[in-house]
Every structure is written in structure tokens, then in C-alpha cells.
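S.K.: Residue numbers (our numbering): 1 to 141.
All residues carry an ideal CB built from backbone N, CA and C; glycine is no exception.
Right, I'll just put the structure down here and ask away after.
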Amino acid sequence: MSVDSGSAGMAARLGIKTGMVVQELGWDEDADEDLRDSIVEASGSEMVDEDTDEVADVVLLWWREDDGDLFDALTDALTSLADDGVVWLLVPKSGRPGHVAPGDVTEVAPTAGLSQTSSISAAKDWSGIRLVTPKAARSRR
């Protein structure tokens, strides 16, 4: 399947490059398939799930307001993450069903050992919040 250049840019905004291992957590039917396809094309392989033994360069975590405990989900996301890896927390945009208040992420991320570095429009209905461990943030300076 070919992804057009517009959707290929979606994965580039997330920093996905050929050869990266991308772990996907929290997928549901509302996940953006164009974004998922662009990630697979950019990385050159299928995304792995929570049962992987591989070390992930990027964890893609789809999260909605009623998905449960965000702290637990973020700490689970760290399980397979490389030391210099990135967690992209994907949340529904404001006004969409399942929207997560930005303050919820700001409050929970540091408790889970993560620092928020940026936010982007990841897809039509999804915002992406880039989270890294403080060690990874220091190593990129």
C-alpha cells in the first residue's frame, strides 16, 4: 500500500525513521489509520504490541479520557522503551469524544518519570504529546 506524501509527513512529524522499532499501545477502532500506515511505511516494518521482547525507539500510546489510569499506562509504556526513546501520547483533540485535558498530562507525566517536550497535531482528530525520560532530554543537548 502506498501512502501519499501528505500522510508520510505525519510519521516525519513524530520523528519516525527507517529501522526504528515502534511499539503501539492503546489501539482501538478510533485510531487514525493514515497515521498508523505512515508510521509503518516510514519505519519499514510493522509496529509491535505490548507483548514484544524488542526494545522500542518510539512508543505510540493512544489514550482517551475513559481509558483508565494514565499513570499506569505511561509507566507501562516505559517497559520496552530504549533509554533515549520517545513516548508519543496521542489524545483526542479538544471537542472530540475522549478528549484528555492538557493539565491531566502535565500533572501525571513527571510522576511517571517523563518530561513533556512538545505537542503537535498528529492527525485529523488526534494531538500528539512528546514525552521523554529526563535522561533522554539531557542526552540530546
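Is Val3 helix, strand or coil by DSSP?
M.R.: As a first step, residue 3 is located in the sequence shown; it is residue number 3 there, counting from the start. Summary for Val3: the model assigns pLDDT 40, below 50, so the residue's position carries little reliability; its value from the coordinates is reported in the next sentence. The answer is coil: DSSP assigns Val3 none of H, G, I, E or B.
S.K.: If we ignore side chains and look at the alpha-carbon of each, how far apart do Asp30 and Asp125 end up?
M.R.: Along the sequence shown, read from residue 1 onward, the residue named residue 30 stands at position 30. Along the sequence shown, read from residue 1 onward, the residue named residue 125 stands at position 125. Between Asp30 and Asp125, the alpha-carbon positions lie close to 9 Å from each other.
S.K.: Among all the DSSP beta bridges, which residues are the ones paired with Pro92?
M.R.: Mapped onto the sequence shown, residue 92 falls at position 92. Trp126.
S.K.: Got a sec? Which residues, its chain only, sit under 6 Å from Leu90 by beta carbon, not counting five neighbours each side?
M.R.: Looking up residue 90 in the sequence shown gives position 90. Answer for Leu90: Trp62, Ala122, Trp126 and Gly128, listed in chain order.
S.K.: Mind listing, in chain order, the continuous alpha helix (DSSP H) runs of no fewer than 4 residues lying wholly within the stretch 17–90?
M.R.: 33–43 and 70–77
S.K.: What does the alpha-carbon distance come out to for the pair Ser43 and Leu35?
M.R.: Counting from one through the sequence shown, the residue named residue 43 turns up at place 43. Counting from one through the sequence shown, the residue named residue 35 turns up at place 35. Near 12 Å, if we compare the C-alpha coordinates of Leu35 and Ser43.
S.K.: Round the Cβ separation of Val105 and Gln116 to the nearest angstrom and send it over; I've been treating them as touching at under 8 Å.
M.R.: Taking the first residue of the sequence shown as position 1, residue 105 is located at position 105. Taking the first residue of the sequence shown as position 1, residue 116 is located at position 116. Confirmed, Cβ separation roughly 7 Å.
S.K.: Hey, Leu14 and Leu60: beta-carbon distance below 9 Å or not?
M.R.: Residue 14 sits at position 14 when you count from the first residue of the sequence shown. Residue 60 sits at position 60 when you count from the first residue of the sequence shown. It is a contact, given that the beta carbons lie within the stated cut-off.
S.K.: Gly26 and Ala73 - do their beta-carbons sit closer together than 9 Å?
M.R.: For the purposes of this step, residue 73 is taken as residue 73 along the sequence shown, with counting starting at 1. For the purposes of this step, residue 26 is taken as residue 26 along the sequence shown, with counting starting at 1. A contact, by the Cβ cut-off of 9 Å.
S.K.: Residues in the same chain with beta-carbon distance under 7 Å from Asp32, minus the five sequence neighbours each way, listed in chain order, please.
M.R.: The residue you call residue 32 lines up with position 32 of the sequence shown. Ala123, Lys124, Asp125 and Trp126.
S.K.: Return the first residue and the last residue of the alpha helix (DSSP H) that Gly103 is part of.
M.R.: Locating residue 103 in the sequence shown gives position 103, where the first residue counts as 1. That run of the alpha helix (DSSP H) goes Pro102 to Thr111.
S.K.: When you compare each of Pro97, Val87 and Asp76 to Thr133 by their alpha carbons, which one comes out closest?
M.R.: On the sequence shown, residue 133 is found 133 positions in, with the first residue counted as 1. Of the listed residues, the one whose Cα sits closest to Thr133 is Val87.
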